[in-house]
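In this note's numbering, the protein residues as written are 1 to 231.
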């Protein structure tokens with residue numbers, strides 16, 4: 001059985017919580033993990049917890065639903081719930097997947113949930129297309145670098161030195177351009193270095209070691225690197 005999707009409700013009206021919680025309980029693919037009554041509670045919860053879907057009211061005191069979406073740079077997929085329709089168009093600028101007008105009826109709720117799972121299926125299909133190699137220009141010819149063998153990339157002016165388990169290549173591409181071609185298992189640790197996370201053998205305060213090579217950690221990238229290594 002597939003893992004259920006974690007949902008939260010953010011609404012200042014207890015009646016809305018009662019309706020949505022009841023609807024969610026009738027769908028075994030959803031799990032209600034939090035109920036908040038204002039934007040502050042929602043922000044505090046989202047900072048510490050991973051959520052798949054948020055049911056968010058627009059008209060709330062202190063911080064409205066739209067303001068909450070603006071404040072949180074990366075928020076869960078969101079279904080707006082409101083008694084007013086004037087924000088419908090603006091809401092889609094923030095990645096909102098549906099807009100439910102109160103009173104919310106069960107068939108309309110189910111349609112919104114179907115739309116949510118449709119976006120999840122697209123995400124799964126995209127993740128299944130794994131990036132196994134990157135094509136770069138070396139000595140005037142394009143070659144494929146197998147990413148499983150790539151240890152780290154080193155900036156070299158308008159070129160990048162690609163250190164692999166087999167040999168080193170000098171590719172005609174900038175570090176920034178090369179970084180855009182890489183999947184998530186690679187991370188920039190310095191303005192001049194991108195490394196394969198799974199190839200890191202040791203981590204010190206200011207450097208990492210890969211195949212006896214000491215690679216510096218830039219202060220700008222340190223926090224992201226350490227956060228990634230904790231996962």
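Quick reminder that beta carbons are idealized off the backbone N, C-alpha and C, glycines included. Since the model is a prediction, treat every value here as computed from it, not as a measurement.
Residue i, enclosing beta strand (DSSP E) - first and last residue
i: residue 150; result: 150–156
i: residue 134; result: 133–138
i: residue 56; result: 53–57
Proximity of residue i and residue j at Cβ, strictly below 8 Å
i: residue 71; j: residue 43; result: yes
i: residue 172; j: residue 137; result: yes
i: residue 155; j: residue 175; result: yes
i: residue 218; j: residue 191; result: yes
i: residue 8; j: residue 34; result: yes
i: residue 16; j: residue 52; result: no
i: residue 177; j: residue 188; result: no
i: residue 162; j: residue 153; result: yes
i: residue 10; j: residue 54; result: yes
i: residue 30; j: residue 50; result: no
i: residue 229; j: residue 203; result: yes
Residue burial classification, residue i (beta-carbon count within 10 angstroms, cutoff 16)
i: residue 65; result: buried
i: residue 127; result: For residue 127, the predicted model reports a pLDDT of 48, less than 50, meaning its position is unreliable; a value from the coordinates is still stated below. Exposed: under 16 other Cβ atoms inside 10 Å.
i: residue 76; result: buried
i: residue 165; result: exposed
i: residue 194; result: buried
Rounded C-alpha distance that separates residue i from residue j
i: residue 89; j: residue 83; result: Any reading at residue 89 must be qualified, since the residue scores a pLDDT of 47, below 50, and its modelled position is unreliable; no value is offered.
i: residue 196; j: residue 142; result: 22 Å
i: residue 32; j: residue 24; result: 7 Å
Unbroken alpha helix (DSSP H) run spanning residue i, endpoints
i: residue 227; result: 222–230
i: residue 44; result: 39–48
Please confirm if the stretch 111–119 is in contact with the stretch 136–153, defined as three or more CB-CB distances below 8 Å between the two stretches. No: the two stretches stay apart, fewer than three of their Cβ pairs being nearer than 8 Å.
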